[in-house]
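Contents: one structure, followed by commentary.
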Amino acid sequence: MVSKKSINSTVVGSVVAVIVIGFVMMNYTPMGGISGETKSFDIVSFQWGFEPQFIEVNKGDHVTLNLKTDDVPHGIAIEEYQINEPIMIEKDGKLEFVADKPGTFEFYCSIPCGAGHAEQGGFLIVRDPSEPETKLLTSIKSDGGIIVDGIVDEKWNKVSETIFPTVYVHENREVKAKSLNDGERIYFLLRWYDDDANDNGTTETDRIALGFDISGDSDIAMGAAGVPHIKIPQRTIGDGVVDIWHWKAFDSHTESPNVIDDEFAGPFEQLKDHYYRDDDNNQGGENDLIATGVYDMNAKEWTVEISRLLVTGDTDVPGFGMTDKQFAVGNEYKIGFAIWDGGQGETAGEHAVTDWGVLKID
Ligand SMILES: [Ca+2]
Ligand SMILES: [Ca+2]
Ligand SMILES: [Ca+2]
Ligand SMILES: [Ca+2]
Ligand SMILES: [Cu+2]
374 MVSKKSINST VVGSVVAVIV IGFVMMNYTP MGGISGETKS FDIVSFQWGF EPQFIEVNKG
434 DHVTLNLKTD DVPHGIAIEE YQINEPIMIE KDGKLEFVAD KPGTFEFYCS IPCGAGHAEQ
494 GGFLIVRDPS EPETKLLTSI KSDGGIIVDG IVDEKWNKVS ETIFPTVYVH ENREVKAKSL
554 NDGERIYFLL RWYDDDANDN GTTETDRIAL GFDISGDSDI AMGAAGVPHI KIPQRTIGDG
614 VVDIWHWKAF DSHTESPNVI DDEFAGPFEQ LKDHYYRDDD NNQGGENDLI ATGVYDMNAK
674 EWTVEISRLL VTGDTDVPGF GMTDKQFAVG NEYKIGFAIW DGGQGETAGE HAVTDWGVLK
734 ID
């Protein structure tokens, strides 16, 4: 007679064996072979953009792009994938490839097509499912806040740090983030490498922006949405609205250092001539938001502390609805960052942008 214990271990053993075999089989799948799904996208090119602008697949997927133009001939090029395909008027195109390189790759029009040709682009995002890519930043509950002076308070030492890598426009930079809240205000400690302080009065100043997704529209890609001043109009942000907190080492409009501005991004069609709007209704975040940044010459690093009320009460901008993100203890929200190095001539859409992560309010 077999004891219960040995039955259990046999069952456990079998389960382990199945998992191990499954794992080994998965690993034996040849590169670009039968792994991955087949994914098709209908891409419409036009003067001057692509719809959709963001193509998201997983590493190993077999990707088919059905290409057509709405007006004149265009092309689609993705350098890292050695892709360059014309899109003709007479005949719809078809492009097939295996997404074997993970990362975020810009695609652009490769056939001169008029005034906006250089701005016609989008992103191919190839995710590696084996890598956890959603960053979690927990805003821990704290007894009282910190002093918003750009100097790291003792309290921050007990808070764990989340690193958000930049993946759009300029990759491979890092925003190091911590957060805490006292039930009334939320505080952020943000640090990033920058080899020179550009805070001396030009428009090319060092900056950071925090983006908070308000609409809950998961189609909004951080590459467009969390980004204030994205330079390419066609990189719209779906139907969503994003709250933006934009700190500048120097603000050329007001001629003052250490300025934080409350802004928001909305659908391009609605904003018409802008990709973001200054949230200047003199309510909510416009008044509640405070920040101070200090540059450390030895560490070559900016340290910026930011704080706002968790709840502002500024919930209605005509045409857009809420433009101040409201936070509640126990909830999770999308958060993303963009950083600019003025020393490298970075302004507007020339910056480094992270993917969306999750902000959890303890
Ligand atoms: Ca401080
Ligand atoms: Ca403002
Ligand atoms: Ca706002
Ligand atoms: Ca700089
Ligand atoms: Cu074109």
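First residue of the sequence shown: 374, per our numbering; consecutive thereafter.
Every residue, glycine too, gets a C-beta built ideally from N, C-alpha and C.
Bear in mind the structure is a predicted one, so any value in this text is a computation, not a measurement.
Starting from VAL445, trace the beta strand (DSSP E) in both directions and tell me its first and last residue.
Here VAL445 belongs to no beta strand (DSSP E), and DSSP marks it neither H nor E.
Alpha-carbon spacing of VAL540 relative to PHE693, whole angstroms:
28 Å
Near ARG500, what residues of its chain come up, given a Cβ to Cβ distance below 8 Å and the 5 sequence neighbours on each side ignored?
GLU429, VAL430, ASN431, LYS432, PRO475 and GLU506
Exposed unless 16 or more other CB atoms sit within 10 angstroms - verdict on ALA701
exposed
Can we say the region 479-495 touches the region 507-516, given the rule of at least three CB pairs closer than 8 Å?
no
Shorter than 7 Å, the distance from the beta carbon of ASN573 to the closest heavy atom of ligand 4, or not?
no
If you draw a straight line from the C-alpha of ASP634 to the C-alpha of LYS531, how long is it?
29 Å
Go through its chain and collect everything with a Cβ distance to SER591's Cβ below 8 Å, but skip five positions before and after it.
Here the model assigns SER591 a pLDDT of 43, short of 50, so the residue's position is not dependable, and the following value carries that caveat. The answer is none, since no qualifying residue turns up.
Does DSSP put GLN717 in a helix, in a strand, or in coil?
helix
Using the Cβ count rule (16 or more neighbours within 10 Å means buried), how would you classify ASN554?
buried
Tell me the rounded alpha-carbon separation between THR575 and ASP434.
45 Å
Looking at ALA725: is its Cβ nearer than 8 Å to the Cβ of ILE734?
no
Could you give the distance in angstroms between the alpha-carbon of LYS441 and the alpha-carbon of ASP689?
40 Å
Residue closest to GLU453, alpha-carbon to alpha-carbon, out of HIS447, GLY556, ASP572 and TYR481
TYR481
Give every residue of the same chain whose Cβ lies closer than 8 Å to the Cβ of GLU534, excluding the five residues on either side of it in the sequence, and list them in chain order.
LYS549, ALA550 and LYS551
Does any residue of chain D bring its CB to less than 8 Å from the CB of GLU534?
The chain labelled as chain D is not found in the depicted structure, where only one protein chain is given.
Report the rounded CA-to-CA distance for ARG558 versus LYS698, giving the unit in angstroms.
13 Å
Less than 7 Å between the CB of ILE484 and some heavy atom of ligand 5, yes or no?
yes
For PRO446, which residues from the same chain have a beta carbon less than 8 Å from its beta carbon, with the 5 sequence-adjacent residues on both sides left out?
PRO459, ILE460, MET461, ILE462, ILE484 and CYS486
In three-state DSSP terms, what is ASN660?
helix
Short Cβ contact (8 Å threshold) for PHE414 with ASN439
yes
What number of angstroms, rounded off, separates the C-alpha of TRP421 from the C-alpha of GLY489?
6 Å
Buried or exposed: GLY730, going by 16 or more other Cβ atoms within 10 Å of its Cβ?
buried
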